[in-house]
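Heads up: the sequence shown begins at 1 in my numbering, then just goes up one per residue.
Every residue, glycine too, gets a C-beta built ideally from N, C-alpha and C.
Since the model is a prediction, treat every value here as computed from it, not as a measurement.
These notes are about the structure you will find just below.
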Amino acid sequence: MEIKKRLIDGNNSFIKRVSNKAEVKNLVNGQHPFALVITCSDSRVIPEEIFNCSLGELFIIRTAGNVINEGELASIEYGIEHLNIKYVLVLGHTHCGAVHASIHDEKGTYLSPILDNIKATIKDEQDELIATLMNANRQVEYIKEKFPHYDGEIESALYDIETNKVIFESKI
Ligand SMILES: [Zn+2]
């Protein structure tokens, strides 16, 4: 009950903060996000916060380890083909639990679509940072394979939880 109250109170504060803004009211007419971000479900990795964006600006898919399986492809297809988004970012992050679990061959009831996906890319790599970059880059390649005619940009980046800095592919 305490948890639910925290959510209800939070939503009420949110309504107070945004409800009078014209750009927010306008969103009822449709969304035109300028970027599609695929990132981890990790609670410390919040694209709207990290990129200082607001409602309607980012189309976001979050899965543990920013892994893209078939269900995620459907969301990507919607974003790039129906919303016409011309920039796709796969955002990995430091201290990623999914990458850590893959390195250490952890098992779970439903984890295999995520962990096996990462493991197939990183193989015996033990360095978490290198494995994280390998995984993000592999997800980029996968999107490119699945959407060969996409004319927008697709790249990866790394969010550093310690510095809050996003390092883009070109700088890695
Ligand atoms: Zn993660």
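| Query | Result |
| --- | --- |
| Same chain, Cβ closer than 8 angstroms to Glu77, five either side skipped, listed in chain order | Phe147 |
| Local conformation of Val45 per DSSP, three classes | coil |
| Inter-stretch contact (C-beta, 8 angstroms, three-pair minimum) for the segment 119-126 and the segment 134-147 | yes |
| Start-to-end residues for the alpha helix (DSSP H) that takes in Ser13 | Glu2 to Val18 |
| Straight-line gap, Phe51 to Ile118 (C-alpha atoms, nearest Å) | 26 angstroms |
| Cβ shell of Ser102 (< 6 angstroms), same chain only, five flanking positions each side left out | Leu115, Ile118 and Lys119 |
| Assigned secondary structure, His93 (DSSP; H/G/I helix, E/B strand, else coil) | strand |
| Shell residues, 6 angstroms Cβ cut-off relative to heavy atoms of ligand 1 | Cys40, Asp42, Gly65, His93, Cys96, Gly97 and Ala98 |
| Burial state of Ala98 (16 or more Cβ within 10 Å) | buried |
| Nonlocal neighbours in the same chain, by C-beta distance under 6 angstroms from Phe168, ignoring five residues either side | Ala157 |
| Delimiting residues of the beta strand (DSSP E) encompassing Val24 | Taken as a continuous stretch (DSSP letters only), Val24 belongs to no beta strand (DSSP E), being part of the alpha helix (DSSP H) at Ala22 to Lys25. |
| Alpha-carbon spacing of His32 relative to Phe14, whole angstroms | 21 angstroms |
| Cα-Cα separation between Ile173 and Thr39, rounded to whole angstroms | Absent from the structure is residue 173, since the part of the chain shown begins at 1 and ends at 172. |
| His95 beta carbon less than 9 angstroms from that of Ile161 | yes |
| Beta carbon of Ile46 nearer than 9 angstroms to that of Val90 | no |
| Arg174 versus Val24: straight-line alpha-carbon distance, rounded | Absent from the model: residue 174. The displayed extent of the chain is 1 to 172, so no value can be given. |
| Proximity test, Leu73 beta-carbon vs ligand 3 heavy atom, cut-off 8 angstroms | As far as ligands go, the structure on display features ligand 1 and does not contain ligand 3. |
| Length at least 4, wholly inside the segment 70-126: the alpha helix (DSSP H) runs in chain order | 70-77, 97-103 and 112-122 |
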